[in-house]
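Down below is the structure, laid out as structure tokens.
Protein chains: 2
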Amino acid sequence: MEEIYVFGHKSPDTDTICSAIAYAKIKNWTPARLGEINEETKFVLDRFDIHVPELLGNVEGKKVILVDHNEFQQSADGIEKAEILEVIDHHKIKFSCDKPVKFLTEPSGSTATIIAKYFESDIEKIKSTDEKKKINGLLLSAVLSDTVVFKSPTTTEEDKKIANDLAKAAGISDIIKFGIDIKKANGSIKGKPVESIIMADFKEFDFNGNKVGIGQTEIVDINEIYEIKDEISKFMENLKNGKYEMTVFVATDIIKEGSELFFAGDKSKIEKAFNAKFEGNFVYIPGLMSRKKQVVPNLQRVF
Amino acid sequence: MEEIYVFGHKSPDTDTICSAIAYAKIKNWTPARLGEINEETKFVLDRFDIHVPELLGNVEGKKVILVDHNEFQQSADGIEKAEILEVIDHHKIKFSCDKPVKFLTEPSGSTATIIAKYFESDIEKIKSTDEKKKINGLLLSAVLSDTVVFKSPTTTEEDKKIANDLAKAAGISDIIKFGIDIKKANGSIKGKPVESIIMADFKEFDFNGNKVGIGQTEIVDINEIYEIKDEISKFMENLKNGKYEMTVFVATDIIKEGSELFFAGDKSKIEKAFNAKFEGNFVYIPGLMSRKKQVVPNLQRVF
Chain A
26 MEEIYVFGHK SPDTDTICSA IAYAKIKNWT PARLGEINEE TKFVLDRFDI HVPELLGNVE
86 GKKVILVDHN EFQQSADGIE KAEILEVIDH HKIKFSCDKP VKFLTEPSGS TATIIAKYFE
146 SDIEKIKSTD EKKKINGLLL SAVLSDTVVF KSPTTTEEDK KIANDLAKAA GISDIIKFGI
206 DIKKANGSIK GKPVESIIMA DFKEFDFNGN KVGIGQTEIV DINEIYEIKD EISKFMENLK
266 NGKYEMTVFV ATDIIKEGSE LFFAGDKSKI EKAFNAKFEG NFVYIPGLMS RKKQVVPNLQ
326 RVF
Chain B
26 MEEIYVFGHK SPDTDTICSA IAYAKIKNWT PARLGEINEE TKFVLDRFDI HVPELLGNVE
86 GKKVILVDHN EFQQSADGIE KAEILEVIDH HKIKFSCDKP VKFLTEPSGS TATIIAKYFE
146 SDIEKIKSTD EKKKINGLLL SAVLSDTVVF KSPTTTEEDK KIANDLAKAA GISDIIKFGI
206 DIKKANGSIK GKPVESIIMA DFKEFDFNGN KVGIGQTEIV DINEIYEIKD EISKFMENLK
266 NGKYEMTVFV ATDIIKEGSE LFFAGDKSKI EKAFNAKFEG NFVYIPGLMS RKKQVVPNLQ
326 RVF
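Just so you know, the protein sequences line up as chains A and B, in that order.
Numbers given in this note's numbering equal positions in the first sequence, counted from 1, plus 25.
Numbers given in this note's numbering equal positions in the second sequence, counted from 1, plus 25.
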């Protein structure tokens, strides 16, 4: 039988990787990834003793299932010539396909929430108790990661309810502690190259024909960012040149619940987008937690 | 509370109208339509004693739910500025939305199949037995209509299974006879103006930047078409001029299981698309039943 690959977006995060693995396990397909996993995801996979999925190159001609993304720009090379069988996602939609496919999106806090909701009975059917526990654990980790332990404004009541069900099934009693352990796994950014901090979770968007790149990192002490602000600014500027109309980097303090926003590009645009005054090329915005729900819509409006 | 409108595509067919009514009834929203209903749909609504839904104009600023279509071109005027809450459909996808919405498509034979599949438990919860029976009857009619009583190549095993369940719940014993009664309701095209025959189920497509309009009618005696072929050709030509790169009209004989295909436009393109020789501007193609699965993909390839 021809292989069917399930994968999330480039610069994978925990929701992308865990959703791909869980959905592939549920349906007996092959999980894959489009980039290196981060330390947070590594922590989760180690916790449930799961192998890192294989790295996929060009998918031209392959049968594929997209999770946690639907825009081709964020997907595998050759996606235009792949046979897309299904899409499961919780992001905004920019998709076209010449034939009907199974396409399932909802405004949930994570893709894992949607998989847990719609495929609960399939998970129930899995015979191995150990396997079942692992899938529930992976999905729970993804919900906690993508909702920043329910702190992100993208969090829905359904996310919380489903996460609690998953925690029970996975045998995890203190869900909040488990969530914070996951988020802390990315650990300190100290000593890491600036490139790896910014590019670890970096996505490209097309706003009215303008290419904009937005990276995000989540940390437990925002002060670490200020020590490398000059390096960040320089990297952002180089990244922009010739490739992007604007680059943005969001360093989110998950304890303080706010973000330091860096940018390279048209200052008037970003000031208008966030209704904020940038002294240099960065500013702290309290309450800013979500790229999807706060950064992207604000920027989209000004392009 | 602000009204939420549920509607299908322009030039409504039975799946569009019945899916909109059924889904609106399930969720307590307001069903609507974007054009006049045809005689087949009228037959179905009369059969279950259901009012024709209201005609909707510009939807700018309104909260809307799209069923049986997802392309803006086939939707209400002002759709770009409406607040789209959900999409349920079984067609190819060409959609974008600045925020995540509930978007559910599957390659089923009808939108009604998807509604029956995913909202079965909601239908079960409806208290009035009479109301429940009507919803099952409407959904059954839509499945039978859109799959041409299971003869269309778009028909899936799931369509048949769900239709049988719906028939039981609606108290209809001879499902095939009921289906043929529905399809016959459009009746003879004799005496009808050519415009109303071609435009009753007419959809616009964008193939690589080229606007193509495709109409379809289903009849029980293909010979009726030959009597008005000159009128059809003339109408197709006028319809094309200035507005479309190509116009196509598919007259499908549901008993004979084939279609007479008329076109106005570049002959080499349509001959290539259907691998057929057109003597004039029409040709009979055995087995051709589905605009979605056969006509659209074939044409799309040559533009």
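Cβ atoms here follow ideal geometry from the backbone N, Cα and C, with glycine treated the same way.
The Cβ atoms of residue 243 (chain B) and residue 272 (chain B) lie no closer than 8 Å to each other.
Residue 53 (chain A) and residue 86 (chain A) have their alpha carbons spaced roughly 20 Å apart. Spanning the alpha carbons of residue 222 (chain B) and residue 214 (chain B) requires a straight line of approximately 7 Å.
Under DSSP, residue 311 (chain B) shares a beta bridge with B:283. Look at the beta carbons and you see the segment 151 to 170 of chain A not touching the segment 114 to 122 of chain A: under three pairs across the two are nearer than 8 Å. Contact between the segment 203 to 213 of chain A and the segment 235 to 252 of chain A is present, with at least three C-beta pairs closer than 8 Å. With its beta carbon less than 8 Å from one in chain B, residue 118 (chain A) belongs to the interface.
With respect to chain A, the C-beta atom of residue 328 (chain B) has no partner C-beta closer than 8 Å. Residue 70 (chain A) and residue 76 (chain A) have their C-alpha atoms spaced approximately 7 Å apart. Around the Cβ of residue 250 (chain A), a 10 Å sphere holds 16 or more other Cβ atoms; the residue is buried. Per DSSP, the beta-bridge partners of residue 88 (chain A) are A:29, A:108. Annotated as distal: residue 92 (chain B) and residue 107 (chain B), with beta-carbon spacing of 8 Å or more. Contact of residue 115 (chain A) with chain B is assigned, a C-beta pair being separated by under 8 Å. At least one CB of chain A lies nearer than 8 Å to the CB of residue 132 (chain B). For residue 278 (chain A), the beta-bridge partners assigned by DSSP are A:244, A:283. Taking the Cα of residue 226 (chain B) as reference, the smallest distance to any Cα among B:304, B:216, B:269, B:41 is reached at B:41. The C-beta of residue 322 (chain A) comes closer than 8 Å to at least one C-beta of chain B.
Nearest CB-CB separation between residue 170 (chain B) and chain A: not below the 8 Å threshold. Going by beta carbons, residue 285 (chain B) and residue 309 (chain B) fall inside the 8 Å limit. Remark: C-beta atoms of residue 194 (chain B) and residue 39 (chain B) do not approach each other more closely than 8 Å. The C-alpha of residue 328 (chain A) lies about 6 Å from the C-alpha of residue 232 (chain A).
Per the DSSP secondary-structure output, residue 122 (chain B) pairs in a beta bridge with A:118. Annotated three-state conformation of residue 149 (chain B) is helix, per DSSP.
Of all residues in the segment 202 to 235 of chain A, none is placed with a Cβ closer than 9 Å to any Cβ belonging to chain B. Contact residues of the segment 122 to 153 of chain B toward chain A are 122, 123, 124, 125, 126, 127, 128, 129, 130, 131, 132 (C-beta to C-beta distance below 7 Å). Sixteen is the threshold: when 16 or more other Cβ atoms of the shown chains lie within 10 Å of the Cβ of residue 50 (chain B), as they do, the residue is buried. In the DSSP assignment, residue 316 (chain A) falls outside any beta strand (DSSP E) and carries neither an H nor an E. For residue 171 (chain B), there is no enclosing beta strand (DSSP E); the enclosing alpha helix (DSSP H) covers residues 154 to 171.
In this structure residue 66 (chain A) is in contact with residue 37 (chain A), their Cβ atoms being roughly 7 Å apart against a cut-off of 8 Å. Residue contact check for residue 325 (chain A) against chain B: a CB pair falls below 8 Å.
Apart from sequence neighbours up to five positions away, the residues of its chain that approach residue 181 (chain A) with a beta-carbon distance below 8 Å are 132, 133, 134, 138, ordered along the chain.
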